[in-house]
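Below you'll find the structure, written out as structure tokens, and then a few comments.
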Ligand SMILES: [Zn+2]
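Residue numbers (the working numbering): 5 to 284.
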């Protein structure tokens with residue numbers, strides 16, 4: 005793979021300040037101060053503002069995530085996210101389907117992909133309280149596999165109020181992959197906190213399982229994953245913006261790791277480009 009692969013931020017929340025739950029807005033203000041909320045409003049004020057921000061940070065494409073998390077972070081509807089992303093093919097919408105709100109998961113997936121143009125799905129088991137191997141989701145996986153739609157799943161810790169961490173154990177992903185071996189699954193946050201080894205092992209074991217390193221300090225990666233380079237084809241960069249605003253700094257930190265240039269290019273965008281079929 006060429007080392008000039010695009011830089012892709014695979015994990016970018018486009019939930020607006022108004023769409024976040026009241027609790028989240030308060031937490032966010034405490035965490036980053038008033039300036040963080042102003043930054044959030046500025047970047048999401050219009051698609052061009054976000055594109056300008058991505059330019060400043062050295063990011064070519066961003067996966068923009070919808071969420072239906074009324075119990076925790078808030079609701080950013082698929083339609084709204086798609087509308088925002090319509091401005092540029094650099095903004096790639098991923099839908100969310102909450103299995104407690106949507107009855108017909110298969111029809112909803114078809115609608116999101118075929119009618120709205122979503123390029124993938126993000127599931128939030130930790131925020132919506134289901135195990136990812138719940139039989140209720142199997143028809144959804146079956147259809148996603150048939151359609152070639154990648155599914156990102158939150159794994160690992162969360163500090164958000166209402167999050168239930170047991171649902172974020174990557175081991176449940178293993179169950180799904182055994183039954184749907186052609187379905188591409190991205191474990192968001194690589195099992196952050198308790199399950200780094202499990203996430204790494206699963207990504208190594210299963211051909212279509214990936215791990216996004218969103219929310220992990222890049223310089224700690226060699227400590228979390230001592231054999232990092234062995235999974236260079238499976239590791240995907242993401243920022244978790246707005247939680248992380250110095251995307252540029254994180255990209256530079258990844259570039260400073262002692263890995264081959266080819267591996268770094270894969271992590272920063274090459275692997276994501278393949279998954280998203282962004283060929284150039
Ligand atoms: Zn996130």
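Here a beta-carbon is modelled for each residue, glycine too, at the ideal position from N, C-alpha and C.
Hey, would you say residue 25 sits closer than 7 Å to residue 72, going by beta carbons? Numbered from 1 along the chain shown, position 21 holds the residue referred to as residue 25. Numbered from 1 along the chain shown, position 68 holds the residue referred to as residue 72. It is not a contact, given that the beta carbons lie outside the stated cut-off.
For a test of your reading of the model: does the CB of residue 244 fall under 6 Å from any non-hydrogen atom of ligand 1? Yes or no. As a first step, residue 244 must be located in the chain shown, where it is residue number 240. Residue 244: yes, Cβ under 6 Å from ligand 1.
Taking a contact to mean a Cβ-Cβ separation below 7 Å, would you say residue 188 touches residue 44 in this structure? Counting from one through the chain shown, the residue named residue 188 turns up at place 184. Counting from one through the chain shown, the residue named residue 44 turns up at place 40. Cβ distance not < 7 Å, so residue 188 and residue 44 don't count as in contact.
State the beta-bridge partners of residue 156 as determined by DSSP. Taking the first residue of the chain shown as 1, we reach residue 156 at position 152. Looking at the DSSP assignment, residue 156 forms a beta bridge with 126, 190.
Just to confirm the assignment: which complete beta strand (DSSP E) runs, minimum length 3, are found wholly within the region 15 to 95? 65 to 69, 71 to 73, 78 to 80
For residue 151, count neighbouring C-beta atoms within 10 Å of its own C-beta (all shown protein chains included) and say buried if the count is 16 or more, exposed if not. Taking the first residue of the chain shown as position 1, residue 151 is located at position 147. Flag for residue 151 reads exposed.
Where residue 114 and residue 42 are concerned, what is the direct C-alpha to C-alpha distance, given to the nearest angstrom? In the chain shown, counting from the first residue as 1, residue 114 sits at position 110. In the chain shown, counting from the first residue as 1, residue 42 sits at position 38. Going from the Cα of residue 114 to the Cα of residue 42 covers about 36 Å.
Extent of the continuous beta strand (DSSP E) run through residue 213: Reading the chain shown from its first residue, position 209 is the one you call residue 213. It spans 213 to 216 - the beta strand (DSSP E) in which residue 213 sits, taken as one unbroken run.
Compute the distance between the beta-carbons of residue 117 and residue 98, then report whether it is under 7 Å. Position 113 of the chain shown, counted from the start, is the residue given in the question as residue 117. Position 94 of the chain shown, counted from the start, is the residue given in the question as residue 98. Against a cut-off of 7 Å, the Cβ pair of residue 98 and residue 117 comes out as no contact.
Go ahead and pull the three-state DSSP assignment for residue 146. Counting from one through the chain shown, the residue named residue 146 turns up at place 142. Helix at residue 146.
According to DSSP, is residue 251 part of a helix, a strand, or is it coil? As a working note, residue 251 is residue 247 in the chain shown. Residue state, collapsed to three classes: helix.
Buried or exposed for residue 94, please, with buried defined as at least 16 other CB atoms from any protein chain shown within 10 angstroms of its CB. As a first step, residue 94 must be located in the chain shown, where it is residue number 90. Buried.
Nearest to residue 83 by alpha carbon, out of 120, 63, 69? Numbered from 1 along the chain shown, position 79 holds the residue referred to as residue 83. With distances taken between Cα atoms, residue 83 lies closest to 120.
Only counting runs of 4 or more residues, tell me where the alpha helix (DSSP H) segments fall wholly within the region 227 to 281, in order along the chain. 251 to 259, 265 to 269, 275 to 279
Count the other C-beta atoms from every protein chain shown that fall within 10 angstroms of the C-beta of residue 179, then say buried if there are 16 or more, exposed otherwise. To locate residue 179, count along the chain shown from 1; it is residue 175. Under this definition residue 179 is an exposed residue.
When burial is assigned at 16 or more other CB atoms within 10 Å of the CB, is residue 91 buried or exposed? Sequence index remark: in the chain shown, residue 91 carries index 87 (1-based). Answer is exposed; the Cβ neighbour count stays below 16.
Counted within 10 angstroms of its Cβ, other Cβ atoms place residue 209 as buried (16 or more) or exposed: By 1-based counting over the chain shown, the position of residue 209 is 205. So residue 209 ends up on the exposed side.
Helix, strand or coil for residue 138 per DSSP? Numbered from 1 along the chain shown, position 134 holds the residue referred to as residue 138. In the structure shown, residue 138 sits in coil (DSSP, three-state: anything other than H, G, I, E or B).
For residue 119, name the three-state secondary structure that DSSP assigns. Taking the first residue of the chain shown as 1, we reach residue 119 at position 115. Note: residue 119 maps to helix in three-state DSSP.
Taking three-plus beta-carbon pairs below 8 Å as touching, is the region 195 to 209 in contact with the region 133 to 152? no
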